[in-house]
Structure formats: structure tokens, C-alpha cells
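Q:
In our numbering, the protein residues as written are 1290 to 1494.
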């Protein structure tokens, strides 16, 4: 599959919640409990597609343990929108540069996926899909990123790597579907974004 095909697919109808539900934790933490007294925090992430071993891979980050809600989790590079960002696209590019050292001028944006809302942290995330012609020389933000984990797209699409784990968040037991690749378990909002990409491209493979 080439990047032009992915660009064209992303320009079509997005399945959104229908795809997200496949990887949505149960029960949904704090949804409809009105614990937040302000509007959702606008944020964005970059799902970067890179050439890797004659295929395509996505670089994920393992966050440091800093942070109230998402410390230690595997995620896509990204964060909240700053006042200096003109739009969420600029947020995704800036955060990708700050967290893993990929310069915005090296990235070609292919499109975007559906927004994902995280009730626990009150973040509304816009995922962008971009590509870069070669594996970048990652430069990590040491305060935010413990390491980069490169995962081939085919591994994420392999049903044998899909499972569920029981986790505890805010003393609440949840069952989280996700992707188990080696020692890495990707769940929550990040897994929901991957599920939407999979729903879009599976018929093209």
C-alpha cells in the first residue's frame, strides 16, 4: 500500500465511533459523571507512517511517569493546543517535533482521523496521519518521553496481537481491549485511533 492510497482513503467517510468501540475500555471511565467544570482541552497527536523493513511502521512513545493521568502509557506523540498554534494540525506537528524531534517541514500530512474524547483527563484529541520519507533520527524530550517504540503496521493489523487486559484506574476495574506487541500493550484512546485506521485500510491490503 502506498501513501497516496492512504491519503485518498482518509479523505473518504470516517467510521469514527463505530471503529472506536472495538477498542473502547469498559466501563468508560467517568463518562457522563460531570466531574469536569470546564470545556474539553483541545489537543492533537501525530500518527507518523515511516518506511520500515520494506513496509510501513508507526513510531509510538512510552511516556515517562510524569503526569496525573497518562504517565507511563504508550501513546502517539502529541499534546494540548497552545495559544500560539493556529489550529490542531499545527499542534500535532509542533508536539511531534518537541517530543521526538521530527521537524514539521519533513512531514507530509495525509489526512486526519476522527476526534477521540478522553473522559478521565477531559482531553479532546484530533489525530493526524503523516508520513516522512525515511526513519528519522529521534531526539526525545527527556521530561516527557522515556523511549520511542517502532511497531510495524502489519503487526497492529494482525488479529493475533489483539487482546484485552484488566486494569485499574482511579481504583476502578476496567477491561481494556488493545494491541499486545511484545512487552508493549497499547490501549485506550491510542488503540481506538489505530482501530479506525485499520477499519479504513483493511480492504486495501
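A virtual CB, placed ideally from N, CA and C, is assigned to each residue, including glycine.
State the DSSP-derived secondary structure class of residue 1467, mapped to helix, strand or coil.
A: Position 178 of the chain shown, counting from 1, holds the residue named residue 1467. DSSP places residue 1467 in strand when its eight states are reduced to three.
Q: Identify whether residue 1555 lies in helix, strand or coil by the three-state DSSP scheme.
A: Nothing about residue 1555 can be reported from this structure: the residues present for the chain run from 1290 to 1494 only.
Q: Keeping to the same chain, check which residues put their C-beta closer than 8 Å to that of residue 1300; ignore five residues upstream and five downstream.
A: Sequence index remark: in the chain shown, residue 1300 carries index 11 (1-based). So the list reads 1400, once near-sequence residues are dropped.
Q: Distance, Cα to Cα, residue 1486 vs residue 1427?
A: Here residue 1486 is taken as the residue at index 197 of the chain shown, counted from 1. Here residue 1427 is taken as the residue at index 138 of the chain shown, counted from 1. Each residue's alpha carbon lies about 24 Å from the other.
Q: Decide if the region 1434–1448 is in contact with the region 1336–1351; the criterion is three or more beta carbon pairs, one per stretch, under 8 Å apart.
A: Because the criterion of three Cβ pairs below 8 Å is met, the region 1434–1448 and the region 1336–1351 touch.
Q: With distances taken from CA atoms, which of 1316, 1343, 1362 is nearest residue 1472?
A: Sequence index remark: in the chain shown, residue 1472 carries index 183 (1-based). Among 1316, 1343, 1362, the Cα nearest to that of residue 1472 is on 1362.
Q: Using only CA atoms, which one of 1386, 1360, 1463, 1425 lies nearest to residue 1340?
A: To locate residue 1340, count along the chain shown from 1; it is residue 51. If we check each option's Cα against that of residue 1340, 1425 comes out closest.
Q: Restricting to Cα atoms, I'd like to know which of 1297, 1303, 1311, 1293 is closest to residue 1479.
A: Mapped onto the chain shown, residue 1479 falls at position 190. Ranking 1297, 1303, 1311, 1293 by Cα distance to residue 1479 puts 1311 first.
Q: Using alpha carbons as the reference points, say which of 1450, 1374, 1392, 1364 lies closest to residue 1433.
A: Along the chain shown, read from residue 1 onward, the residue named residue 1433 stands at position 144. The shortest Cα separation from residue 1433 among 1450, 1374, 1392, 1364 belongs to 1364.
Q: With DSSP collapsed to three states, give me the class of residue 1428.
A: Mapped onto the chain shown, residue 1428 falls at position 139. Here residue 1428 sits in coil by DSSP.
Q: Report yes or no: do three or more beta-carbon pairs, one from the region 1328–1340 and one from the region 1367–1377, lie closer than 8 Å?
A: Yes, the region 1328–1340 is in contact with the region 1367–1377.
Q: Which residue wins for smallest C-alpha separation from residue 1374, given the options 1466, 1393, 1461?
A: Counted from its first residue, the chain shown places residue 1374 at position 85. Of 1466, 1393, 1461, the residue nearest in Cα terms is 1393.
Q: Opposite residue 1352 in the DSSP bridges: which residues?
A: On the chain shown, position 63 is the one that residue 1352 refers to. Bridge partners of residue 1352: 1434.
Q: Alpha carbon to alpha carbon, how far is residue 1461 from residue 1314?
A: By 1-based counting over the chain shown, the position of residue 1461 is 172. By 1-based counting over the chain shown, the position of residue 1314 is 25. Spanning the two alpha carbons is a distance of roughly 12 Å.
Q: Determine whether the beta carbon atoms of residue 1403 and residue 1477 lie at a separation below 8 Å.
A: Reading the chain shown from its first residue, position 114 is the one you call residue 1403. Reading the chain shown from its first residue, position 188 is the one you call residue 1477. Result no, Cβ atoms of residue 1403 and residue 1477 do not sit closer than 8 Å.
Q: Skipping 5 residues on each side, what residues in its chain have a beta carbon closer than 8 Å to that of residue 1423?
A: The sequence position of residue 1423 within the chain shown is 134, counting from 1. Cβ neighbours of residue 1423 beyond the five flanking positions: 1339, 1340.
Q: Counting along the chain, where does the beta strand (DSSP E) carrying residue 1454 start and finish?
A: Here the question's residue 1454 lines up with position 165 in the chain shown. That run of the beta strand (DSSP E) goes 1451–1458.
Q: Is the beta carbon of residue 1316 sitting closer than 8 Å to the one on residue 1406?
A: Counting from 1 along the chain shown, the entry for residue 1316 is found at position 27. Counting from 1 along the chain shown, the entry for residue 1406 is found at position 117. For residue 1316 and residue 1406, no; Cβs fall outside 8 Å.
Q: So for residue 1421, helix, strand or coil by DSSP?
A: Taking the chain shown and counting its residues from 1, one reaches residue 1421 at position 132. Residue state, collapsed to three classes: coil.
Q: If you run the structure through DSSP and keep just helix, strand and coil, what is residue 1367?
A: As a first step, residue 1367 is located in the chain shown; it is residue number 78 there, counting from the start. Residue 1367 falls in the strand class under three-state DSSP.
Q: With distance defined between alpha-carbon atoms, name the residue in 1451, 1418, 1457, 1447 nearest to residue 1261.
A: There is no way to answer for residue 1261, as the model of the chain reaches only from 1290 to 1494.
Q: Could you spell out where the alpha helix (DSSP H) holding residue 1287 opens and where it closes?
A: In this structure the chain extends from 1290 to 1494, so residue 1287 is not present and cannot be described.
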